[in-house]
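Step one of this worksheet: look at the structure below.
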């Protein structure tokens with residue numbers, strides 16, 4: 032491939048609302064073992080793990096996911112850097128921060144910007160594409176990985192390729208980035224050789240900063256300051272909140288790609304899925320003889336061409352075809368696979384029905400309610416405290432976080448594994464003194480009284 | 032209505048396997064609030080509560096359901112008698128025992144034998160039918176309540192009516208009881224004025240004992256002895272197990288109805304459903320504007336003519352029609368309503384997949400498993416003990432039963448509301464000293480080590 036090693040920049044921001052109920056704020060799409068039993072974030076790390084080609088990655092994600100990111104890097108034996116965003120500002124500020132961070136060590140180094148929530152199994156094809164893109168990136172081009180369309184899908188932005196880039200085999204000018212088309216337009220795009228915009232691309236740190244400086248100077252300044260004033264947090268480097276908050280919330284496509292003259296495109300010659308909906312996950316999954324993909328505790332009778340998954344409950348289907356049935360996080364989705372792209376509507380509507388009941392101090396969620404047994408998960412927000420009078424006998428077990436629990440005024444410290452017994456009428460105060468949520472499981476003989 | 036009050040005999044034996052996953056051994060069909068938010072058992076008690084017409088009922092059911100039966104009677108303010116079967120022997124022995132019990136007080140008293148798992152909303156029509164049946168029952172007839180068929184259903188036994196019973200308005204001889212027919216035969220039965228056999232009937236205690244003596248003497252003898260030697264249990268009178276076990280396991284239809292010359296039929300002029308499958312429950316339930324019946328935490332988008340119910344998880348449906356989606360007891364069913372009668376297959380198959388993992392000492396079941404949090408329900412059988420080495424920090428809360436918990440040899444008594452903290456590597460023994468299961472909820476930070 033020639034030249035120095037490439038630094039992968041892995042963007043962990045994808046929420047995956049169309050993958051409700053599996054994806055959620057605390058465990059979003061990149062960290063879910065959606066296909067082949069591994070998360071796409073772990074798959075992305077593995078794809079760029081060859082130290083002959085790649086430097087350790089720079090991972091950028093939400094500060095709330097620092098532990099998940101660090102755990103996956105640790106499991107992969109990667110000593111990548113972790114940049115934690117104090118708040119979400121879309122891709123342009125994230126990439127600007129990563130570029131500013133990388134430029135401190137190697138201003139001319141190549142960055143390979145990758146989404147953490149895409150599935151690519153053909154690692155050889157991926158590396159071959161990276162090898163084709165690198166020379167153009169070294170001379171200042173922004174080389175976007177364009178996916179040859181498998182179908183006239185309306186859900187992606189498209190890239191119209193221009194003239195071949197002389198001297199760079201397999202790389203072409205970008206004639207235009209175009210918005211998500213309607214069905215007829217998508218068909219024309221496919222016929223005319225357009226690519227899907229995968230959102231993955233390669234460029235040098237210097238090019239990144241120069242173009243963001245040119246087209247989005249406020250983002251560049253905010254990102255530089257946020258990196259400059261970043262502080263070590265438990266699981267990575269926490270970008271300075273005041274500075275990062277000044278960056279407008281804008282995507283890299285809008286901030287730079289659609290304006291720059293340096294954009295080029297390389298045809299991605301590998302299998303690719305953004306696992307954007309349950310239908311995509313179904314397509315990417317192994318099938319049984321009836322064409323079903325099933326995971327977890329499932330029981331399929333007279334079921335065909337369906338995706339059935341569970342993270343706990345036994346899910347039984349009888350006499351269905353072309354359906355998605357997903358039980359996860361204490362919720363269940365039932366929809367035809369053909370309508371999987373509309374699941375975002377469900378996620379939005381479900382937010383109102385929230386599994387967890389929000390309170391001023393955090394939230395609580397009933398995991399099981401039946402005569403004589405009620406299990407509740409209680410999450411107290413950092414620096415907050417909850418107080419209530421017990422209505423039943425209950426045991427509280429701390430499963431995450433640190434703080435104090437006081438019963439009738441007598442306080443004791445608590446940490447994971449600690450338990451407390453409470454009796455009816457006792458007055459309880461739970462205080463979170465830590466940085467993350469303080470999570471308690473209450474197993475009660477009746478209503479808790481919360 | 033004339034004459035003495037009628038004693039209802041309520042049979043609580045129905046398991047309702049086609050109502051999987053809602054029905055289960057511990058909480059079977061008669062006790063589930065399936066329609067209108069009340070159980071059919073409670074509805075049956077209420078239907079025969081008028082003290083001007085009815086004596087307190089005799090309820091007969093499984094000994095494991097004594098508490099449920101007593102609670103429902105108590106809630107209704109009924110001082111009915113409860114006969115508890117030490118083992119299930121089908122309807123003939125149950126009715127024989129109830130008749131023997133009733134005959135001790137009033138050998139000529141009328142018994143109204145009712146299933147506890149049927150839905151009847153038209154109480155006036157029900158009472159009018161009872162009033163038509165009573166005179167014939169008083170002169171020694173067994174008057175079966177025949178349901179005028181709403182459709183040529185193949186799932187019921189049918190009754191072919193014979194000549195009108197002279198002097199008894201609305202009552203006819205039974206020409207024949209016929210087995211569940213095929214579709215063509217069912218259509219002919221409906222055209223020819225047959226009735227569905229509801230399994231409900233009226234007769235005197237003396238007639239019941241005489242006919243069972245005549246056609247099933249072993250049942251009569253066993254039932255009499257079981258009542259004779261019955262012992263007071265917590266929630267009722269426990270039939271003597273040795274005696275009751277000698278009764279062959281036979282239905283009253285097979286043991287008596289198909290053989291007796293005394294059978295008569297009265298047309299039941301009221302709404303009736305045996306709630307035999309989710310489709311029947313859907314039909315009996317109130318519908319929204321899109322023709323859906325929904326209960327519990329549900330979210331229906333573009334959903335039509337479907338039954339959606341949940342006892343806890345948020346169940347979201349998108350773009351489905353004519354479906355049953357039921358989340359209950361930690362399991363989920365998805366099937367077209369048209370195939371609801373096949374759900375028995377699911378229940379049978381699910382038994383193999385058992386939600387709970389059976390162990391020598393009882394069972395355990397994972398209620399929630401995600402990174403850093405694992406909730407397990409542990410049920411230790413009466414007089415049994417479980418022992419294991421803890422693999423994570425965990426809190427154990429007792430939610431039912433009594434016994435002792437020993438950690439590293441130091442034992443302490445436990446009862447509902449008690450909690451114990453366990454740390455990795457600690458050795459744990461849980462011993463059940465009570466009569467019922469000892470149920471613990473373990474909230475752990477990782478695998479329990481069970």
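Protein chains in written order, with my numbering: chain Y, 32 to 481; chain X, 32 to 481.
Don't be surprised by glycine CBs; every beta carbon is placed ideally from N, CA and C.
Residue i to residue j span [Cα, whole Å]
i: residue 341(Y); j: residue 327(Y); result: 5 Å
i: residue 33(Y); j: residue 164(Y); result: In this predicted model, residue 33(Y) has a pLDDT of only 45, less than 50, meaning its place in the structure is not dependable enough to derive any value.
i: residue 423(Y); j: residue 395(Y); result: 16 Å
i: residue 360(Y); j: residue 53(Y); result: 6 Å
i: residue 124(Y); j: residue 397(Y); result: 38 Å
i: residue 162(X); j: residue 232(X); result: 12 Å
i: residue 325(X); j: residue 183(Y); result: 38 Å
i: residue 192(X); j: residue 299(X); result: 13 Å
i: residue 405(Y); j: residue 405(X); result: 15 Å
i: residue 180(Y); j: residue 269(Y); result: 38 Å
i: residue 65(X); j: residue 152(X); result: 14 Å
i: residue 115(X); j: residue 128(X); result: 10 Å
i: residue 416(Y); j: residue 472(Y); result: 16 Å
i: residue 86(Y); j: residue 122(Y); result: 22 Å
i: residue 339(X); j: residue 311(X); result: 13 Å
i: residue 61(X); j: residue 418(X); result: 36 Å
i: residue 212(Y); j: residue 308(Y); result: 18 Å
i: residue 440(X); j: residue 480(X); result: 18 Å
i: residue 139(Y); j: residue 133(Y); result: 9 Å
Interface flag, residue i vs chain Y, CB-CB below 9 Å
i: residue 443(X); result: no
i: residue 424(X); result: yes
i: residue 431(X); result: yes
i: residue 68(X); result: no
i: residue 17(X); result: With chain X covering only 32 through 481, there is no way to say anything about residue 17(X).
i: residue 42(X); result: no
i: residue 367(X); result: yes
i: residue 63(X); result: no
i: residue 147(X); result: no
i: residue 170(X); result: no
i: residue 7(X); result: Residue 7(X) is absent from the model: chain X starts at 32 and stops at 481.
i: residue 364(X); result: yes
i: residue 427(X); result: yes
i: residue 73(X); result: no
Residues bridged to residue i (per DSSP)
i: residue 338(Y); result: 324(Y) and 355(Y)
i: residue 448(Y); result: Looking at the DSSP assignment, residue 448(Y) forms no beta bridge with any residue, so it has no partner.
i: residue 469(X); result: 411(X)
i: residue 367(Y); result: 354(Y)
i: residue 426(X); result: 452(X) and 474(X)
i: residue 435(X); result: 444(X) and 462(X)
i: residue 228(Y); result: 177(Y)
Cutoff 9 Å: residue i Cβ touching any chain X Cβ
i: residue 94(Y); result: no
i: residue 447(Y); result: yes
i: residue 472(Y); result: yes
i: residue 51(Y); result: yes
i: residue 330(Y); result: yes
i: residue 361(Y); result: yes
i: residue 435(Y); result: no
i: residue 476(Y); result: yes
i: residue 358(Y); result: yes
i: residue 333(Y); result: yes
i: residue 454(Y); result: yes
Any chain B beta carbon closer than 9 Å to residue i
i: residue 160(X); result: Among the chains of the structure shown, chain B does not appear; the protein chains present are Y and X.
Inset, instruction - Write down every uninterrupted run of the alpha helix (DSSP H) in the segment 126–180 of chain X whose length is 4 residues or greater and which is fully enclosed by it, in chain order. - result: With a minimum length of 4 residues, the continuous alpha helix (DSSP H) runs that stay inside the segment 126–180 of chain X are 154–169.
Inset, instruction - Could I get the ranges of all uninterrupted alpha helix (DSSP H) runs contained in the segment 232–300 of chain X, with 4 residues as the minimum, in chain order? - result: Counting only runs that start and end inside the segment 232–300 of chain X, the alpha helix (DSSP H) elements of at least 4 residues fall at 236–246, 248–259 and 272–276.
Legend entry - Ordered list of beta strand (DSSP E) runs contained in the segment 189–220 of chain Y, each at least 3 residues: 189–195 and 202–209, all fully within the segment 189–220 of chain Y.
Inset, instruction - For the segment 341–352 of chain X, enumerate the residues whose C-beta is nearer than 7 Å to any C-beta of chain Y, in chain order. - result: Only 343, 344, 345, 346, 347, 348, 349, 350 and 351 from the segment 341–352 of chain X bring a Cβ to less than 7 Å from some Cβ of chain Y.
Legend entry - Members of the segment 369–382 of chain Y near chain X, C-beta cut-off 7 Å: Residues passing the 7 Å Cβ filter: 370, 373, 374, 376, 377, 380 and 381.
Inset, instruction - Check distances from the C-beta atoms of the segment 305–328 of chain X to those of chain Y and list, in chain order, the residues that come in under 9 Å. - result: Listed in sequence order: 328.
Inset, instruction - Could you tell me which uninterrupted alpha helix (DSSP H) segments, each at least 4 residues in length, are contained entirely in the segment 51–115 of chain X, listed from first to last along the chain? - result: Here the runs fully enclosed are 71–78 and 97–106.
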